[in-house]
Amino acid sequence: MEKVAMLTRQNETFALAMIIESKGSTPRHVGKMIVYRDGSIEGTVGGGLAEHYIIEESVKAIQNGQSKIVEYKLNKNAKDGIQMNCGGTLRVFIEVYTSRLNSFWLEPVI
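full-length UniProt numbering applies: residue 1 is where the sequence shown begins, and numbers increase by one.
1. Would you please state the rounded distance, in angstroms, between the beta carbons of Asn58 and Ile94? I believe it to be under 8 Å.
2. Could you pull out every residue in the same chain whose Cβ sits closer than 6 Å to the Cβ of Gly81, ignoring the five residues on either side in sequence?
3. Rounded to a whole number of angstroms, what is the C-alpha to C-alpha distance between Ala78 and Gly88?
4. Going along the chain, which residues of its own chain have a beta-carbon closer than 7 Å to the beta-carbon of Met8, five neighbours each way excluded?
5. Just list the alpha helix (DSSP H) runs in the UniProt domain "XdhC- CoxI" (8 to 72), keeping only unbroken ones of 4 residues or longer that don't cross its boundaries, in chain order.
6. Please work out which residues of its chain come closer than 8 Å, Cβ to Cβ, to Val70, disregarding the five sequence neighbours upstream and downstream, and give them in chain order.
7. Name the two residues that bound the continuous beta strand (DSSP E) containing Thr89.
8. Around the C-beta of Gly65, are 16 or more other C-beta atoms found within 10 angstroms, so that it is buried, or is it exposed?
9. Val45 and Ala15: beta carbons closer than 7 Å?
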């Protein structure tokens, strides 16, 4: 969270992906990951294919400027499941932090 505070003070745009619920077998039950616009990361929410999808969704959320919740069934045999064998379910909150400079357009004072 210190890094989140620092990035916010530096007026950076990024997303914080945070596990909010895990059921059954998942790579991690607790985790946070900072995702930058270019898809680079700091931290982890468990790795593997689920993390790959979470990074993709985080980049999309940054581009749209909207936070969201994503859910993945880590079971390749389940309906709507992803190609993992863990068997559990993972819910992640992706919180977007936008630069104040990107949030509004400044008009010059004449």
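All residues carry an ideal CB built from backbone N, CA and C; glycine is no exception.
This one's a predicted model, so the numbers in the text were calculated from it and none came from an experiment.
Put simply:
1. To locate residue 58, count along the sequence shown from 1; it is residue 58. To locate residue 94, count along the sequence shown from 1; it is residue 94. The residue you asked about is not Asn; residue 58 is Ser in the sequence shown. Contact flag correct, Cβ pair sits at about 5 Å.
2. Working through the sequence shown from its first residue, we reach residue 81 at position 81. Residues Lys73 and Asn75 of the same chain have their beta carbon placed closer than 6 Å to that of Gly81, with the five preceding and five following residues left out of the count.
3. One-based indexing of the sequence shown puts residue 78 at position 78. One-based indexing of the sequence shown puts residue 88 at position 88. Rounded to whole angstroms, Ala78 to Gly88 spans 10 Å at the Cα level.
4. Along the sequence shown, read from residue 1 onward, the residue named residue 8 stands at position 8. Note that residue 8 corresponds to Thr in the displayed sequence, not to Met. Scanning its chain for C-beta atoms nearer than 7 Å, with the 5 sequence neighbours on each side dropped, one finds around Thr8 the residues Tyr97, in chain order.
5. Here the runs fully enclosed are 48 to 64.
6. Taking the sequence shown and counting its residues from 1, the one referred to as residue 70 is at position 70. Here the set comprises Tyr53, Ile54, Glu57, Arg91, Val92 and Ile94.
7. Locating residue 89 in the sequence shown gives position 89, where the first residue counts as 1. Here the beta strand (DSSP E) through Thr89 covers Thr89 to Tyr97.
8. Translated into positions along the sequence shown, residue 65 becomes position 65. Within a 10 Å sphere around the beta-carbon of Gly65 sit fewer than 16 other beta-carbons, which makes this residue exposed.
9. Here residue 45 is taken as the residue at index 45 of the sequence shown, counted from 1. Here residue 15 is taken as the residue at index 15 of the sequence shown, counted from 1. No. Outside cutoff.
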